[in-house]
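Residue numbers (the numbering used here), protein chains in the order written: chain A, 20 to 134; chain B, 100 to 701. First the structure, in the form of C-alpha cells, and then the observations on it.
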C-alpha cells in the first residue's frame, strides 16, 4: 500500500448510552463537586504541569465522563494525573469552586482499586 | 515521734497501692514499647542525649518549668497558669515532703510505696517539735495551694472565659471519671488529715478543722472511712489515668527529653508521634486558635480531637481530620506541650497508598536551565504568583530600581516548588520536583536565590540542598537593599496593617523585616491577633477537603481581625493570601513588594 503520510482517523464518536461510567461514579462519590464542572478550561489555562505534559483537569473529567478513560484512553488520563504537581491554582480559578486537588487525589486512589 | 502501728500497714492503703502499681507498670511497658518503635538511629540518639550532661540538664529544667510550674501557661493566661501550677507543683511538693518525712522519721519504711502518702495516719508526730512544725506547716500550705487550684478548676468548668478560653474540650466519659476523682483527692486528704490531726499532728489547716469536727462529730470513728475514701479516690484516678487525658502527666516527661534529643515524627502513630499524642492534655487552647473553628461544624477537627481520635484508633475520623486541616500551624504555636498538629497530619497523609504515583522524570529542564542563566542573582516567583502577576512586576521593578542584575528564572514557565505535594503527604513526588529545581538552579551558576512566595521559601530552606547558593526571602533581601542604600523609600500617607502569612511567620519565623519595610514605606498598624497568633487567610493549600464555600467564613474572620486595626489597607507577603483576601476584602489588599514599589522613586 502506498503511504500517503495520512490515513483515515478512527471515529471519535461517543455513544453515551454505552458509556461505562464506573470510574466517574466512584469519583462522584468521593468528590461530588465534579458534577458541577462546565468544562470552561480555566484549570487548564493556569496549570503549572500543563506545558510539560498536557495535563488538563478539564480533559481528565471529560475523558471519564465519555469513557475515554478506558482502554487506550486510560493511558492518557494516567499520564495526565501523574504529571500533576498539586499546586492548586486550578482550584483557585475554578468558577464553580470545585476542589480540584481533592478530585485529583481521589482519582489517584480510585486507580489503586482498579489494579 | 512514734509509729502508731507496729505492722505499718492497714487494708485501706490497698486501693492506692493497686492504682500505683498499675500506673507504674503501664508506664514502664509504654516506655519500652515506644523505645522499641523508634528507629535504630533515633533510639541511639535519644539514649545518648539522656547521658549527655548539657541535654540532661536541659531536660530537667524543661520538665520542671513546663510540667510543674507551667511557665508557658502563665504567659498565656495568669489564672490558667496559677490553676495548673498550683495543682502540679503543690502535688509534687506534697509527695516530695511526704518522702522527706518518711526519710527523717522512719527511714526503714521508705521502701513502702504508700508510706509517704499516708504518713499522717501511720505516724504520730508532735507539731511542737521544730521539725514537725515546719513540715506540717509546709504540708498544709501546699494542700491549701492545691485546693485553691481545684476550686479554680471547678470554676473553669462553668466559666472558661475567666481563664481566657472561649471554648474548651468536651471531656469523654472516662475523662470525667478522672476529672472528678482528681477533684475528690485533695478535699478528701484534708478531711482525712483533719480527723487524725489530734493524734498525728497538723498545722494551720488541719488542726482547726479537727477542732471543728470534734465539736459535732465527736469520736474517732470517722477517721478510717475518710482515709479509705482518700485512698479509693487516688486508686480510681490512677487506674483510669492511662485511658484519660491525664496520661499527659507521665507522657510529657517523656516528650520533653525526646524533643530535646531532636527526634522527629516518622510514623503517624508510633514512636515520637505516639508520645506527642499522649502528651496532649486536652486543654482545648487549640480550639480557639484554629481558623476553622469559626464554623461550629469544624470544631471537632481541631488538633485536640485529632489526638483523641488517634488514641481511640478511630480511623475514619483520623483521615477526615487529617485531610481537612489548613496546616496553618497556629495550634502548634499556642500548644502548651508542643504537639505538632500539622506534622501529625502530614505523616498521616503520607501513610496513604495511591495507585498512581506522580512522575516528573520526563520533564526536560533544558529550556528552564537556559532561561535561568546569565546572572548571579536569580528570582523565583513560584507558580502561585502567576495568579497575582502584580507581585512579580513589583519585585522586578524594585530590583531594577536598586540596580540589581538578576534573572527571573520562571518568568515564562517554571516548576512547582514541591511544597503543596509535601503537605499532601506525597513526599516522594515532592522530592522528584525538588531535584528538578535543584538541577536548574545549580546549573545556572547563580549565588543568590530570591523568593517572593513564602510557600516556596519554606520548602527551599527546609528540603533543598543548594550548596553555594544563598536562599533568601524577598522581605530580607529588600531590607538589605534598603540598608545598603540601594533602595530609597519615602513614607506615604496610607496606613497598612500587615498580615503574617502562615508559611512566612510561623513557618519560617520572619516577622520583623516585613514590618520594618512597611514602616519605612507607609504607616503601619497591628491587628489584635498578630505575629505567632495571626489568623490563616483560609486559602491555604494545606487543606485537601475544604472547598471554596467552606473557606469563606474563615477568610472573613481573618479579615475581621485585620479590620480591627483601623488601617486603610492590608499588606501581606504571600501570593496566596493576596488572592484569597482580594476575593472578599472591603479594603485594598497589597503585596509587600507593591507597597515598597509605590513608595520607591528609584
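Ideal placement from N, C-alpha and C gives every residue a C-beta, glycine not left out.
Extent of the continuous alpha helix (DSSP H) run through residue 417 of chain B = 414-423
Look at residue 482 of chain B and residue 106 of chain A and say whether their C-beta atoms are less than 9 Å apart.
-> Taking 9 Å as the cut-off, the beta carbon of residue 482 of chain B is found closer than this to the beta carbon of residue 106 of chain A.
In chain order, what residues of the same chain lie with their CB nearer than 6 Å to the CB of residue 122 of chain B, ignoring the 5 residues before and after it?
-> 337, 340
How close, in whole Å, do the beta carbons of residue 435 of chain B and residue 389 of chain B come, if the pair is a contact with beta carbons under 8 Å?
-> Contact doesn't hold; Cβ gap of about 15 Å is too wide.
From the DSSP output, in three-state form, read off residue 666 of chain B for me.
-> coil
Based on the DSSP output, what are the partners of residue 572 of chain B in its beta bridges?
-> B/550
Contact under 9 Å by Cβ, residue 552 of chain B with residue 516 of chain B = yes
Could you work out which residues of chain B lie near residue 101 of chain A, taking near to mean beta carbons separated by less than 7 Å?
-> 455, 456, 457, 458
Consider the Cβ of residue 678 of chain B: report whether some Cβ of chain A lies at a distance smaller than 9 Å.
-> By this cut-off, residue 678 of chain B is an interface position.
Between residue 115 of chain B and chain A, is there a C-beta pair that is closer than 9 Å?
-> Judged by the 9 Å Cβ criterion, residue 115 of chain B is not in contact with chain A.
Pick out whichever of B/183, B/627, B/178, B/549 has its Cα sitting closest to the Cα of residue 656 of chain B.
-> B/627
Which runs of the alpha helix (DSSP H) spanning at least 4 residues fall entirely within the segment 494-552 of chain B, listed in chain order?
-> 518-522, 526-543
Between the C-alpha atoms of residue 35 of chain A and residue 43 of chain A, what's the straight-line distance to the nearest angstrom?
-> 13 Å
Based on the DSSP secondary-structure assignment, which residues constitute the bridge partners of residue 223 of chain B?
-> B/101
In this structure, does DSSP put residue 22 of chain A in helix, strand or coil?
-> coil
If we call anything under 9 Å between Cβ atoms a contact, is residue 384 of chain B one with residue 409 of chain B?
-> no
Assigned secondary structure, residue 623 of chain B (DSSP; H/G/I helix, E/B strand, else coil) | strand
Could you pull the start and end residues of the alpha helix (DSSP H) that residue 477 of chain B belongs to?
-> Secondary structure note for residue 477 of chain B: it is in no alpha helix (DSSP H), and the uninterrupted beta strand (DSSP E) holding it is 476-479.
Residues bridged to residue 209 of chain B (per DSSP) | Answer is none; residue 209 of chain B lacks a bridge partner.
Residue-chain proximity (residue 112 of chain A, chain B), Cβ-Cβ < 9 Å | Closer than 9 Å: yes.
Taking a cut of 8 Å between CB atoms, which residues from the segment 34-63 of chain A lie near chain B?
-> Of all residues in the segment 34-63 of chain A, the ones placed with a Cβ closer than 8 Å to any Cβ belonging to chain B are 52, in chain order.
Could you spell out where the beta strand (DSSP E) holding residue 598 of chain B opens and where it closes?
-> Going by DSSP, residue 598 of chain B is part of the beta strand (DSSP E) stretching over 594-598.
At which residues does the alpha helix (DSSP H) containing residue 688 of chain B begin and terminate?
-> Careful: residue 688 of chain B lies outside any alpha helix (DSSP H), inside the beta strand (DSSP E) at 688-690.
Among B/540, B/492, B/433, nearest to residue 514 of chain B - alpha-carbon criterion = B/540
For residue 588 of chain B, which residues does DSSP report across the bridge?
-> B/699.
Closer than 9 Å to chain B by CB, residue 21 of chain A = no
Chain B within 9 Å of residue 107 of chain A, Cβ atoms only | yes
Members of the segment 630-651 of chain B that neighbour chain A once the beta carbon cut-off is set at 8 Å | 638, 640, 643, 644, 645, 646, 647, 648
Assign residue 128 of chain B to buried or exposed, taking buried as 16 or more other Cβ atoms, counted over all protein chains shown, within 10 Å of its Cβ.
-> Its Cβ having fewer than 16 others within 10 Å, residue 128 of chain B is exposed.
Give the straight-line distance between the Cα atoms of residue 461 of chain B and residue 153 of chain B, rounded to the nearest whole angstrom.
-> 49 Å
So the alpha helix (DSSP H) residue 279 of chain B belongs to, where does it begin and stop?
-> 272-299
Contact set between residue 120 of chain A and chain B, taken where Cβ atoms lie within less than 7 Å = 643
Ignoring anything shorter than 4 residues or poking outside the segment 166-218 of chain B, list the alpha helix (DSSP H) runs there in chain order.
-> 170-175, 177-204
Where residue 154 of chain B sits in the DSSP three-state scheme | helix
Among residues of its own chain, excluding the 5 on either side of residue 545 of chain B, which ones have a beta-carbon nearer than 6 Å to its beta-carbon?
-> 475, 477
At a Cβ cut of 8 Å, what residues of the segment 475-490 of chain B count as close to chain A, listed as they run along the chain?
-> 482, 483, 485, 486
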